[in-house]
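Residue numbers (our numbering): 473 to 636.
C-beta: ideal position from N, C-alpha, C; glycine also.
The model shown is predicted, which means the values in this text are computed figures rather than measured ones.
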Amino acid sequence: MYEWSTPTLAGAAMAIGGLILLGGSVVLSSDPVGLVLMAFAGLLLLGFASYALLLRPRLRLATRPAPELTLRTIGGPRTYTPADIDRIRVRQLRRIGRHSHQLELDILREGADDPNPDAQTPDAQYPAGTLPDTTLVVLNRWDLGADPHEVADVLSEAGFVIER
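Have a look at this one:
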């Protein structure tokens, strides 16, 4: 079993930073506008820390008896088999002069009708990633706590098809 999530130390550091900002807003209350801004920033950091620490593990791979991928979201964990996933790929994006990688999962909607009922091959009408009833899930290094390429390699070894 493999698990990926935001590093615990990063979530704890955000929580401590949020508490410091909240404490500073109370102690340094001579400026009302500054108090509100510091308190708001502290609450945002605490909320983000809660999100990072409570949604653990963000992604879990069970390889026995059959490969299953469990994705934990605010709505609860959802488990998918390779047949439930239309496409998995790693994208490289360039933003503000930096390269970042994201793991994209196109997940078929539960109970969706076959989008290619008359097609000779499964992807004749809709190539991978273009099916109308899919949900796109994007996970980056922050969510996974690891390089998305490494996660994709493990998923590929477990039997999930990775688009390269």
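Here the alpha carbon of M473 sits roughly 35 Å from the alpha carbon of L515. Apart from the 5 residues on each side of it in sequence, S497 sits with its Cβ closer than 6 Å to the Cβ of L507, M510, A511 in its chain, given in chain order.
Following the DSSP letters along the chain, one finds L525 inside the alpha helix (DSSP H) bounded by residues 504 to 526.
Per DSSP, reduced to three states, the secondary structure at S572 is strand.
Note that the C-beta distance between A513 and G483 is not below 8 Å. Within its own chain, the residues whose Cβ lies closer than 7 Å to the Cβ of Q564, once the five positions on either side in sequence are excluded, are H571, H573, listed in chain order.
Cβ contact annotation for N612 (same chain, cutoff 8 Å, sequence separation greater than five): S572, H573, Q574, L575, P620, in chain order. Per DSSP, R544 lies in no alpha helix (DSSP H); the unbroken beta strand (DSSP E) holding it starts and ends at 540 to 545. Secondary structure note for L533: its beta strand (DSSP E) is the uninterrupted segment 531 to 534.
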